[in-house]
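In this note's numbering, the protein residues as written are 647 to 1085.
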Ligand code: DLL
């Protein structure tokens, strides 16, 4: 596989130079933000730190963190780093509770963002000759517009489908010979399932790659999607607060995502103490945007749990890699005192030969937490007797117990009874919230 880059001078920069560049940009960004953003200036003043205290990359540990709560408190303009008249775009998070976070972009910010996405598309083998089907939602969500902008920069023929209307997705995919599919992994799995239902085999489509992200997905799910669509599936990561998709992306090694370090500085911290952890440790990912003008977040706590490693990569990129987020610290369920991530349950299901169609229900009955996992039966289970189904449920429950340490009640349900997602899948229903339990 040839190593193609969209911006080789940045993507293959020697590590020492990356660090020098980051240091220069960090000092500039802290000074700029201190001067232009009273909200952050206040946080720095409260911590007793001034811009001139930041002279090296390590000095970043002196700076205060920003959290989603800060973004809500400062909503809508409190974290603007530039005059509103210089902004050309607003996007927003997909959050359903509380105030949404709105992020602002200058034209430079949009250009930088789209360059980052273009790097991801090229790393997945994308060229001018490709037809890029974008089935992420368009609108306030950054998935659609982010991949759209990147696809234009690469020069692909861009199909701005948005999410949903699966019938039309399939028609356009087949009629217009789409070669790259961009959507959430759960929607990719659904499109694969829908193609098979219509009698298409993986080799019937012209797709070669998929660029999937915006939600956690397991290696098992990747293999499933790759098999069903006949493609290579690449992960892409990002969040609205730091522009959108493209903060990090996978290369052909498919074992972690290169972070666009010329634009973002990443740290891993202990989520409880805030202490910066050494490379290779598992903890919460914290980002500082080094170039963003309109929404310059410094030490933003993402809540995503992952590991950073800098090893020589065969693709030639020198940027540090992050593992797939293993869940968010706020996605983590605490059930009977045990920390459980939906991704652990998904990994068991796929390993046991089930499709990633499941829903987790947590409740509290008689002061004790309950965990129910609803899983769709596979096509060969249809003929099973009740006894056989019960046996399969017990087998799954045991496998889950081994993985997560507690026993769930597993319910095998008929195929197609769990709602499919066209965007980010809703995996967990936590009914304990009705009891006012702060989870
Ligand atoms: O989901 C941006 C995006 C769009 C990324 C399209 C990739 C592709 P938000 O809606 O603000 O932005 O949600 C950000 O989604 O903090 C993670 O918890 C999760 N997330 C994003 N990408 C991945 C991924 C977009 N590849 C939040 N794997 C982040 C796991 C992801 N989780």
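In this text, a Cβ means the ideal position worked out from N, Cα and C, and glycines have one as well.
Residue 884 is bridged by DSSP to 891.
Secondary-structure assignment with DSSP links residue 779 through a beta bridge to 805 and 827.
Contact between residue 887 and residue 754 does not hold, since their C-beta atoms are separated by about 17 Å, which reaches or exceeds 8 Å. The continuous alpha helix (DSSP H) containing residue 661 extends over residues 661 to 682. Closest in alpha carbon position to residue 1045, among 1065, 991, 1011 and 1006, is 991. For residue 1053, there is no enclosing beta strand (DSSP E), as DSSP marks it with neither H nor E. For secondary structure counted as the beta strand (DSSP E) over 3 or more consecutive residues, the region 998 to 1051 holds these complete runs in sequence order: 1004 to 1011 and 1014 to 1022. The residue from 956, 814, 933 and 804 with its alpha-carbon nearest to that of residue 775 is 804.
Straight-line spacing of the CA atoms in residue 654 and residue 868 works out to 27 Å. The Cβ-Cβ distance between residue 840 and residue 759 does not fall below 7 Å. Under the three-state reduction of DSSP output, residue 875 falls in the helix class. For residue 1045, the CB stays at least 6 Å from every heavy atom of ligand 1. In terms of Cα proximity to residue 723, the closest of 1079, 823, 746 and 777 is 746.
In this structure, residue 781 lies near residue 815, with their beta-carbon atoms less than 7 Å apart. For residue 985, the three-state secondary structure derived from DSSP is strand. For residue 860, the CB falls within less than 6 Å of some heavy atom of ligand 1.
Annotation for residue 928: the continuous beta strand (DSSP E) segment containing it runs 928 to 935.
The way I'd put it, the region 895 to 907 does touch the region 763 to 770; three or more beta-carbon pairs between them come closer than 8 Å. In this chain, residue 857 is not harboured by any alpha helix (DSSP H); it is covered by the beta strand (DSSP E) spanning 855 to 859.
Given a length threshold of 4 residues, each whole run of the alpha helix (DSSP H) inside the region 701 to 786 is given here in chain order: 714 to 719 and 753 to 769. A direct Cα-to-Cα measurement between residue 1000 and residue 861 gives close to 19 Å. Cβ-Cβ separation between residue 749 and residue 941: approximately 5 Å, consistent with a contact (criterion under 8 Å). Here DSSP, grouped into helix, strand and coil, assigns residue 818 to helix. Ranked by Cα distance from residue 1058, the first of 795, 731, 728 and 1030 is 1030. In the DSSP assignment, residue 849 falls outside any beta strand (DSSP E) and carries neither an H nor an E.
Residue 974 is bridged by DSSP to 950.
Taking the Cα of residue 752 as reference, the smallest distance to any Cα among 915, 1006, 728 and 927 is reached at 728. With 16 or more other Cβ atoms from the protein chains shown falling within 10 Å of its own Cβ, residue 761 counts as buried.
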